[in-house]
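Residue numbers (our numbering): 2 to 267.
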């Protein structure tokens, strides 16, 4: 495969088998993405939009389901996120990019719905809504006495060397109180793509009835920590443990997503 091929052309290059469609071709396309330049934001937005085209994405999901080795590989780095969605890591690029599926599958408990899940990121990202609709709220910092008071936590991911038996930790270091004010919410339908800067504070509202999923291109890391804002976490450090999926568990989730896309996206 030519090193001069564009990321978008690599998405549609002929394949030699199922694993090449879902992992090797995707990894090659992600590795070819630029890390700097004036066209970075627009170019990556075009990439994630093309990647999310429903027919091709359903084919990729079915190819992954038909490849036990590839499925086990992806399952070994995927897990249910503390923010109540399934995080499926398709590609973790040495160039700093990561390609993931985020799947919200209701119903959710009343306690889960009440959690704010307000946060920013260590990286900027590009996202395409595959099915359902993504409802988000955005926040801006304000002076004390304005808006709502939140406890702020610095998010620290456990190093890869600390992963044992499919478990790894996420640390939330308490960093005092801050005030935030909600800005305008957004509703993004299936087929829409967007870009989010790493310092933009937001939360995703949990869907009430319909499965919602996105394909996300995470950019190279831009800082070592991010921030989580909560009114329900205790005022001290918090440790969350994640457990990676088994291959059968992931297969059921991907089959459900493929069926949802096949029935809602034309």
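Beta carbons are placed, not taken as given, at the ideal position from N, Cα and C, and that holds for glycine. Please read these numbers as outputs of a predicted model, since none were measured by experiment.
- Item | Residue range of the beta strand (DSSP E) that includes residue 126 | 126–132
**Report entry** residue 246, enclosing beta strand (DSSP E) - first and last residue
**Finding:** Counting along the chain, residue 246 falls outside any beta strand (DSSP E), and DSSP gives it neither H nor E.
Q. If you drop the 5 nearest sequence neighbours on each side, which residues of the same chain put their C-beta closer than 7 Å to that of residue 116?
A. 233
Check: At what residues does the alpha helix (DSSP H) containing residue 212 begin and finish?
Finding: Here residue 212 belongs to no alpha helix (DSSP H), and DSSP marks it neither H nor E.
*asked:* Between which residues of its own chain and residue 261 is the CB-CB distance below 6 Å, once the five residues before and five after are set aside?
replied: 132, 212
Practice prompt. Go ahead and pull the three-state DSSP assignment for residue 257.
Written response: Assignment of residue 257 by DSSP, reduced to helix, strand and coil, places it in the helix class.
| Would you say the segment 242–262 touches the segment 102–109, given that touching needs at least three Cβ pairs under 8 Å? | yes
- Query: Are the beta-carbon atoms of residue 202 and residue 140 separated by less than 7 Å?
  - Reply: yes
Ranges of the beta strand (DSSP E) found wholly within the segment 144–200, counting only runs of at least 3 | 149–158, 168–183, 187–190, 194–197
Original post:
In terms of DSSP beta bridges, what is residue 138 paired with?
Top reply: 204
| Under the rule that 16 or more other beta-carbon atoms within 10 Å means buried, what is residue 129, buried or exposed? | buried
Proximity to residue 218 [Cα-Cα], best of 210, 25, 44, 39:
Comparing alpha-carbon positions, the option among 210, 25, 44, 39 lying closest to residue 218 turns out to be 44.
Quick check: what's the CA-CA separation for residue 86 versus residue 47? 25 Å
request  = Please go through the same chain and pick out, in chain order, the residues whose beta-carbon is closer than 7 Å to the beta-carbon of residue 259, but skip the five residues on each side of it.
outcome  = 59, 62, 63
*Buried or exposed by the 16-neighbour rule on C-beta atoms within 10 Å, applied to residue 15*: Any reading at residue 15 must be qualified, since the residue scores a pLDDT of 36, below 50, and its modelled position is unreliable; no value is offered.
- Message: If the criterion is Cβ atoms closer than 7 Å, does the pair residue 174 and residue 238 meet it?
- Response: yes
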